[in-house]
Structure formats: structure tokens, C-alpha cells
Amino acid sequence: MDKIAVLDFGGQYAHLIANRIRRIGVYSDLFDGEIDAEKLREYKGIILSGGPQSVHAEGSLQCDHEVFKLGIPILGLCYGHQIIGHVLGGKVEPGKVREYGKASVKISNKTGIFEGFCEEGNEMQDVWMSHFDQVTVAPSNFEITAFTNDCPIAAMQNFERKIFGIQFHPEVTHTKNGMKILENFVKITGAAREWSIDKFIENEIAAISEKVGNKKVFMMVSGGVDSTVAFTLLEKALGNERVYGLFVDTGFLRKGEREQVEGIFKTIGATNVKIEDASGEYFEALKGVYDPEKKRQIIGSKFLEVQRRVFSEMGLNTDEWILGQGTIYPDTIETGGTKHADKIKTHHNRIPEIQKMIEQGLVIEPISQLYKDEVREVGEKLGLPADLVWRHPFPGPGLAVRCLCAEEEHYPEEGIYPGRLSLKEYLSSEILIGHYRYDFDVLPIRSVGVQGDVRSYKNPLVLSSGNKNMDILGLVSTNITNFTPAINRVLYLLYPEKIDSITLQKSYLTPSRISVLQDADKIVMDFIKEKKIDREIWQFPTVLLPLSINGASGETIVLRPVESEEAMTANFYKMDFALLDELVEKLKLVKGVSAVLYDITNKPPATIEWE
Ligand code: XMP
5 MDKIAVLDFG GQYAHLIANR IRRIGVYSDL FDGEIDAEKL REYKGIILSG
55 GPQSVHAEGS LQCDHEVFKL GIPILGLCYG HQIIGHVLGG KVEPGKVREY
105 GKASVKISNK TGIFEGFCEE GNEMQDVWMS HFDQVTVAPS NFEITAFTND
155 CPIAAMQNFE RKIFGIQFHP EVTHTKNGMK ILENFVKITG AAREWSIDKF
205 IENEIAAISE KVGNKKVFMM VSGGVDSTVA FTLLEKALGN ERVYGLFVDT
255 GFLRKGEREQ VEGIFKTIGA TNVKIEDASG EYFEALKGVY DPEKKRQIIG
305 SKFLEVQRRV FSEMGLNTDE WILGQGTIYP DTIETGGTKH ADKIKTHHNR
355 IPEIQKMIEQ GLVIEPISQL YKDEVREVGE KLGLPADLVW RHPFPGPGLA
405 VRCLCAEEEH YPEEGIYPGR LSLKEYLSSE ILIGHYRYDF DVLPIRSVGV
455 QGDVRSYKNP LVLSSGNKNM DILGLVSTNI TNFTPAINRV LYLLYPEKID
505 SITLQKSYLT PSRISVLQDA DKIVMDFIKE KKIDREIWQF PTVLLPLSIN
555 GASGETIVLR PVESEEAMTA NFYKMDFALL DELVEKLKLV KGVSAVLYDI
605 TNKPPATIEW E
């Protein structure tokens, strides 16, 4: 099958490019930008992704120059375009202005990737730009194919050598005809459009039978989309007698989830799924623990312990058994592949024990080539219920990472800010919050964030009163986190109306706190389904903070809906305030809840989950 390679230079859209190429019908693999050119010989085309660096910066990512000697068609996007300029003898310099966002380019040459573009006299195209550096002199034998006022070489090509560079991003939907540009490139590569979900299912079922031979497969299932689709494919290939599932109830599931999962497996006709209630053990192991990393670690090792116990109870030996996993493509790339993209954490499907089994050929991962949207499509084609196929991703440690624990208050250290201002004075200044007239308070608790490759653990800030406008709130939030390193997350107060005091209650993971969170989470999930906005939201964590506002009895709920493709980056979801008021009215009635906040931070700088 013909394939196209995407080389990742740390751009937030690298996965998106690969995903788009597959949508066009050609299988696409994502690689570290610095991959050895020799490994790319079998590919029909190569796309160089964007990235946040400057080609001139010390230690910046460079591609193997041999890539340009392979004779394979190349498309460079943004940083990739600058690499082409830099490596092939053109000039890359800082632009006069930092362009970020919508721009209009004029197409001056309608051949190559712009073939079939726009009528005579109507060559303007809306595109998405994001750059500081730009190519100012094209390499020799390159012609300019598009430009803007601020960017004279917005696109260039060497048609003979089939090398194309564009400064903007065709892969994002803001670039109106972006897919057409990518389709043109695919056409130029000559790659046959042979990749489709139907084809995948057909090939995979054959591949599973071959790999498993006459062994049996054991798999941990969570009731989420990935593991259920993988499990169903295994059953299709091997029959339900040879596929065993284990579902562990950790105590941190959503309300009614265990029953729901049992229902799902009944629907798909699975006969060998064992449900193990380990909630008592989990709560016991987490008594008195408040540190997020410690929580995660205890939950992770407990999971392995339960898995091992069931393994030995069932007498699973490696002569007869293989381990199945619902790993998907981004999970495998995050850890082993690109070291430059925002690294999440070692995925639980790639811990050392499992890595060893993979090397011994004892693991089968039927959907490890697929992106989430493709997994959903496979699910639909296999006839799984829509409710399951469209379930939001849910973290392995479940509500445990959404139930924050703390022993004492933790405020940021008092630094000295520009103009010798204190943190509070600086935040109140005109350039940050002052101009927008919101009240604000820093919360005495920390949450996780991510900036570049580095994880942060900082305080959130709550805005209150002022203009109830999500666009303005988003702008203020970005300004605050850009200019105040002590803050990595910003919230808006929905209930009560104002903050007079904030007190922290010493709290750990207990069944009663999880039960409050389950009730609130259920209201939220039912609400978005009822309002039919669940599909436009990628994920909607509801988080419980051990904080009491204005001395009320009960804790604080945070609503954290996000929009995302693949969870590497995310935007906070801008919910309509009328809807939010309705939701808050329902949440106020939950026993144990006394305040509601709305998370208005993108990823980066905050992560989707709070810890
Ligand atoms: P963050 O919070 O890093 O999350 O922006 C990115 C995606 O990963 C999910 N997530 C997890 N999934 N085990 C999981 O199975 C975990 O420990 C975990 N932590 C985060 C998160 O829900 C989001 O989809």
C-alpha cells in the first residue's frame, strides 16, 4: 500500500496532517522530524510539519538533508517551508510582524499544489498563518506561487523536483481550501488512494487471526471506545470463545458506569468479560495521600497488581495466551516517536513490563494504527451503539485525577513583577485584568499545566463579575498565563456571584467525596446530551476542589469542557451563558457542592485534566 510520511518538527498540528492525508485515502505515518532519510525510501511523499522554532536557533530541529536527494515529492508547511528555504540555499529571516491567525494570500501561480485554484481575478485565498520567521529569498530554481503584503514568499515551488513550500497551514479548517492543497500534493506524489476504514477492518481481521494463531487473547477493558472497538475486532477475528476481557471497578468510575459497561458487552455478545470490584482496595491504598503524582503511581501499580492477580487466578500462561490492548496511534507516538511534540506521560499501555511483552510478540494491538476519529468509524461499521462510539475519552485513573486533594493552602511565592509590582498589583494592571474590570482571586491550590515539553504545577486564578463574554474571557485568560508564570490556569466564577473568602479543607480521596463528584458529573453529562452539544465537546471533565467559597459548607466544582483533535492541544469550550445558568441551577442542588467555576484555559498552558 502506498504511504506518505509526515515529519514532525514539534508543530501542534503534525498529527492532524497525517490524519488529513488518511482522510484523502492514503495511509500516512508520523515520524520524528530528524529521522534518517534512508528510512523514508518506501514513502511516496514527504510532508515537513510546522514547529515553534527558528531554523537559525542553536539546537533547532533540522531534517536530514539527504531527504532532499531521495527524489520523493516534498511539501513543507510553515517551519517545514522554512527548512526548505534554509537547506536549499534560500534565506530565512525574522519577519517584520509576527503574523498569527487569519490572513489572505494571493495565489500567483496556479500549478502544482494550487492547480485548479480560483478563477482569473479571484486569486485571494483565506488561510491560517502563524509565524515569525519567513523565507525572504527563495532557493534558486524556485518560483514564488503565493504572497501576502507581509509575507512576499507565502508559497514557493520547484515544479521539476516536486518540492513545495507554504508558509500557512492547509491542514486546519481555517484555511478554506486547505484540503484541496493537500489533495493536489497527494496527486503529485502519485500515491494510490487505497486506505479506507473498510479495507482496514478486512486486513486487520486477517492479520489478527494470523498473529494469534491458535492462542487465546486476554484484554483489560474499560468500556471506553478504544478498548471496546479493539475487543470487538478480536472477537470478529477469533470468535468470542477465545477472547477474554477483564474490567476493573476502581471505585473512580462515573455514576452507573459499571452497569453501563456490563450492558455494552452484553449488546456486543461478549460472553467472557469478568468484572472485578477492587474499589475497597483502591480507597484503602490511597488513604491520606494528596500528592497527584503519588496518587497516579498508587493507582497505576494497583491496576497492575489486580491484573497480575487475575492472570494467575485464571492460570494465564504465555504459551496459550496473548495480551490484547486498545492502544491507538497517538498513544504510541507520544512515548517512543516524536520527542519534540508536547510529551504527555508514559502511556499506561507502554510501561516497561508491557514493552517487554511487545518485544516478545506477546501483545496484540488491533487499532494501534488508528486515530480516534478512525476508531469511531470502525466502531460504527462494526455496529457498536452510537452512545458507545461517541463516548468522550476518560482517563484510566478515572475520577481520582478529577478529585483534588490537599493538606494545606499553597499560594504562589511573592515575586517582583515588571515595574516592581507585587503579583496582585501586576495582575490588576491595565495590560492584564485592570482594563477588563474583572475581580480576581488566586486559588490556594495547584493544578497541572504544560508548556512546551515541560509540565508545570501552578496556581489557578479565578475571574469574577465583569463582562460575561467567552471571547473576552479567553483573551484575558491567555494574557494572564502568557505574562504571569505563577499562573497556569484561569477560571470564571459562575456561582456564587462574588468571592469574599476562600478556605481550603484538608481532603483526600474518600468514597463520600467521589460520590459528590459522581453526582455532579452525571448532571453535567446528562445535560450536554440533552442539549445535544456532547459531540462538539471532545471531553468534559468535572473536577472537585477541596475549597469552600464564602464559608459555605460544601466544596467547589469546576467545569472543564474542551474542544480538541487528538488531545495534544485543546481549546476551552465556549458554552453559551444561558445554558450555563441552567446547568448551574442543577449543580447547586447537589449535596456537598457550594460553588461552581468554569475553566477558561486552553492547552497549553493548562492540561485537559487538572492533575
Ligand atoms: P492532559 O490532561 O495531559 O490529557 O491534557 C490528555 C488526554 O489524556 C487523558 N489522560 C489520561 N488517560 N490515563 C489515561 O488513560 C491517564 O493517566 C491520563 N491522564 C490524562 C486525558 O483525559 C486527555 O484525554
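Counting along the sequence shown from 1, when you hit position 185 you're at 189 in the working numbering, and nothing is skipped either side.
Ideal placement from N, C-alpha and C gives every residue a C-beta, glycine not left out.
If you're wondering where the values come from, they're calculated on a predicted model, not measured in any experiment.
With residue i as the anchor, note down where its beta strand (DSSP E) starts and where it stops.
{"i": "R459", "result": "458-468"}
{"i": "H135", "result": "128-141"}
{"i": "Q161", "result": "159-162"}
{"i": "T507", "result": "506-508"}
{"i": "A150", "result": "147-151"}
{"i": "D445", "result": "443-446"}
Taking the straight line between their C-alpha atoms, what separation do you get for residue i and residue j?
{"i": "E175", "j": "I21", "result": "6 Å"}
{"i": "L495", "j": "D323", "result": "53 Å"}
{"i": "D346", "j": "F544", "result": "Caution is warranted here: a pLDDT of 40 is assigned to D346, below 50, making its placement in the model unreliable, and the coordinate value is therefore given only provisionally. Looking at the two C-alpha atoms, the distance is approximately 21 Å."}
{"i": "W394", "j": "N113", "result": "43 Å"}
{"i": "F581", "j": "L587", "result": "10 Å"}
{"i": "E589", "j": "F531", "result": "12 Å"}
{"i": "K502", "j": "N471", "result": "14 Å"}
{"i": "M5", "j": "A196", "result": "8 Å"}
{"i": "S305", "j": "A574", "result": "29 Å"}
{"i": "T339", "j": "M318", "result": "Because the pLDDT at T339 is just 33, under 50, the model does not fix this residue reliably, and the value given afterwards should be weighed accordingly. For T339 and M318, the distance between alpha carbons rounds to 31 Å."}
{"i": "N463", "j": "W325", "result": "47 Å"}
{"i": "Q16", "j": "H178", "result": "15 Å"}
{"i": "E261", "j": "P77", "result": "49 Å"}
{"i": "A289", "j": "Q364", "result": "32 Å"}
{"i": "E245", "j": "N276", "result": "7 Å"}
{"i": "D12", "j": "P609", "result": "21 Å"}
{"i": "L392", "j": "D335", "result": "20 Å"}
{"i": "F189", "j": "E119", "result": "10 Å"}
{"i": "M133", "j": "E214", "result": "47 Å"}
{"i": "A605", "j": "G125", "result": "Checking the sequence, you will find Thr at residue 605 rather than Ala. T605 and G125: Cα-Cα distance of roughly 42 Å."}
{"i": "L34", "j": "L467", "result": "40 Å"}
{"i": "V405", "j": "R564", "result": "13 Å"}
{"i": "T149", "j": "S32", "result": "26 Å"}
{"i": "G249", "j": "L320", "result": "13 Å"}
Report all residues from its chain with a CB closer than 8 Å to the CB of residue i; omit the five preceding and five following residues, and keep chain order.
{"i": "I435", "result": "N483, F487"}
{"i": "K385", "result": "I201, D202, I205"}
{"i": "E127", "result": "K110, I111, S112, K114, F121"}
{"i": "K100", "result": "D154"}
{"i": "I87", "result": "F13, L52, V59, Q66, C67, G80"}
Less than 9 Å separating the beta-carbons of residue i and residue j?
{"i": "V141", "j": "G94", "result": "yes"}
{"i": "S283", "j": "D253", "result": "yes"}
{"i": "V265", "j": "V310", "result": "no"}
{"i": "V528", "j": "G596", "result": "no"}
{"i": "V314", "j": "E357", "result": "no"}
{"i": "L498", "j": "Y421", "result": "no"}
{"i": "E567", "j": "Y577", "result": "yes"}
{"i": "I242", "j": "I212", "result": "Here residue 242 is Leu; the residue named in the question, Ile, does not match the sequence. Taking 9 Å as the Cβ cut-off, L242 and I212 qualify as a contacting pair."}
{"i": "W542", "j": "H396", "result": "yes"}
{"i": "L507", "j": "S552", "result": "The identity of residue 507 in the sequence shown is Thr, whereas the question assumes Leu. Cβ distance < 9 Å, so T507 and S552 count as in contact."}
{"i": "I537", "j": "A599", "result": "no"}
{"i": "G169", "j": "M160", "result": "yes"}
{"i": "P399", "j": "I491", "result": "no"}
{"i": "R26", "j": "W199", "result": "yes"}
{"i": "V247", "j": "G383", "result": "no"}
{"i": "E239", "j": "A210", "result": "no"}
Which same chain residues, not among the five before or five after residue i, have their C-beta less than 7 Å away from its C-beta?
{"i": "S511", "result": "C409, A410, R517, P550"}
{"i": "K535", "result": "L583"}
{"i": "T236", "result": "I272, L386, L388"}
{"i": "L366", "result": "T322, I326, L327"}
{"i": "C407", "result": "L513, R517, I518, L521, L548"}
{"i": "T193", "result": "I8, K48, G49, P77"}
{"i": "S432", "result": "G438"}
{"i": "S64", "result": "Q57, S58"}
Taking 6 Å as the limit between beta carbons, can you name the residues of its chain near residue i, skipping five residues before and five after?
{"i": "V480", "result": "Y440"}
{"i": "F146", "result": "M160, N162"}
Mind checking which residues open and close the alpha helix (DSSP H) that includes residue i?
{"i": "K428", "result": "427-432"}
{"i": "V588", "result": "581-591"}
{"i": "E214", "result": "201-216"}
{"i": "N188", "result": "182-193"}
{"i": "S598", "result": "Here S598 belongs to no alpha helix (DSSP H); instead the beta strand (DSSP E) covers 597-603."}
{"i": "G120", "result": "Run containing G120: none; DSSP gives neither H nor E here."}
Report task. Assess, as a yes-or-no matter, whether the segment 198-212 is touched by the segment 282-302 under the definition of 3 or more beta carbon pairs within less than 8 Å. Result -> no
Query raised in the report: Is it true that the segment 448-456 meets the segment 370-379, where meeting means three or more beta-carbon pairs spaced less than 8 Å apart?
Result: With fewer than three CB-CB distances shorter than 8 Å, the segment 448-456 does not count as touching the segment 370-379.
Requested in this report: Evaluate contact between the segment 76-89 and the segment 51-62, counting only Cβ atoms and requiring at least three cross-stretch pairs below 8 Å.
Outcome: Contact between the segment 76-89 and the segment 51-62 is present, because at least three Cβ pairs lie under 8 Å.
Query raised in the report: Given 8 Å as the limit, is there contact between the segment 33-48 and the segment 65-80, that is, 3 or more CB pairs closer than that?
Result: yes
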